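Asker: Here it is: the structure, laid out below.
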Amino acid sequence: MTIDEAIAKIEQILPQGRLSKVQEIVFRQSWEGRSYLQIANFSGYDSGYIKDTGAELWQLLSKSIGEKVTKQNFQGVVKRSLQTSATNQVTDAQPKGSHQPLTLNRSTADWGDAIDVSIFYGRSAELTTL
């Protein structure tokens with residue numbers, strides 16, 4: 001996958017539809033393995049501004065993709081996410097009578113205002129039953 005393909009696919013899933021000029025610079029330069037300081041020197045922006053833009057970009061991508069994105073892992077996450085979406089498109093395009101197993105993409109499930117059940121008390125009997 002090329003950087004231009006990755007940007008085109010990412011812009012399809014972003015809520016605002018496009019990366020800003022600085023976000024695109026950070027994305028492209030990070031894809032090439034450059035540090036924030038190198039990106040700042042290359043682009044002429046302040047290094048603090050580049051770091052802030054990078055942090056906002058990774059958060060935006062995390063929300064859009066449904067998986068935690070960081071500067072260190074974003075290439076793998078983006079590639080995996082785009083391969084998953086391509087697989088889902090193929091699955092959705094299969095004829096209705098097809099007997100191919102359906103796959104559930106849990107990373108994009110929208111649970112909205114579901115309650116946090118990470119700490120769950122007082123259900124020992126139910127848990128034992130399960």
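Per our numbering, the sequence shown starts with residue 1, numbered consecutively. Idealized CB from N, CA, C, for every residue including glycine. Note that this is a predicted model, so its numbers are computed, not measured.
Can you name the start and end residues of the alpha helix (DSSP H) that Gln29 belongs to?
Answerer: In the sequence shown, the residue the question calls residue 29 occupies position 29. 21 to 31 is the span of the alpha helix (DSSP H), which, as asked, contains Gln29.
Asker: Nearest-angstrom Cα distance between Trp58 and Thr129?
Answerer: Here residue 58 refers to the residue found at position 58 of the sequence shown. Here residue 129 refers to the residue found at position 129 of the sequence shown. One C-alpha to the other measures close to 41 Å.
Asker: Just the C-alpha distance for Ile3 and Leu60, rounded to the nearest angstrom, thanks.
Answerer: Here residue 3 refers to the residue found at position 3 when the sequence shown is read from its first residue. Here residue 60 refers to the residue found at position 60 when the sequence shown is read from its first residue. Rounded to whole angstroms, Ile3 to Leu60 spans 18 Å at the Cα level.
Asker: Using the Cβ count rule (16 or more neighbours within 10 Å means buried), how would you classify Thr70?
Answerer: Translated into the one-based positions of the sequence shown, residue 70 becomes position 70. Per the 10 Å Cβ criterion, exposed.
Asker: Would Val78 and Ala6 qualify as a contact pair, given that the criterion is a beta-carbon distance under 8 Å?
Answerer: Here residue 78 is taken as the residue at index 78 of the sequence shown, counted from 1. Here residue 6 is taken as the residue at index 6 of the sequence shown, counted from 1. Closer than 8 Å, so yes.
Asker: Hey, out of Gln72, Glu126, Gln83, Glu67, whose CA is closest to Gly54's CA?
Answerer: Taking the sequence shown and counting its residues from 1, the one referred to as residue 54 is at position 54. Taking only the C-alpha atoms, the option nearest Gly54 is Gln72.
Asker: Are there 16 or more other CB atoms within 10 angstroms of the CB of Leu37, so buried, or fewer, so exposed?
Answerer: Here the question's residue 37 lines up with position 37 in the sequence shown. Label assigned to Leu37: exposed.
Asker: Does Thr128 come out as helix, strand or coil in the three-state DSSP assignment?
Answerer: The residue you call residue 128 lines up with position 128 of the sequence shown. Reduced to three states, the DSSP call for Thr128 is helix.
Asker: In chain order, what residues of the same chain lie with their CB nearer than 8 Å to the CB of Glu43, ignoring the 5 residues before and after it?
Answerer: For the purposes of this step, residue 43 is taken as residue 43 along the sequence shown, with counting starting at 1. Checking the sequence, you will find Ser at residue 43 rather than Glu. Closer than 8 Å at the Cβ level, and outside the excluded window around Ser43, lie Val22, Ile25, Gln29, Ile50.
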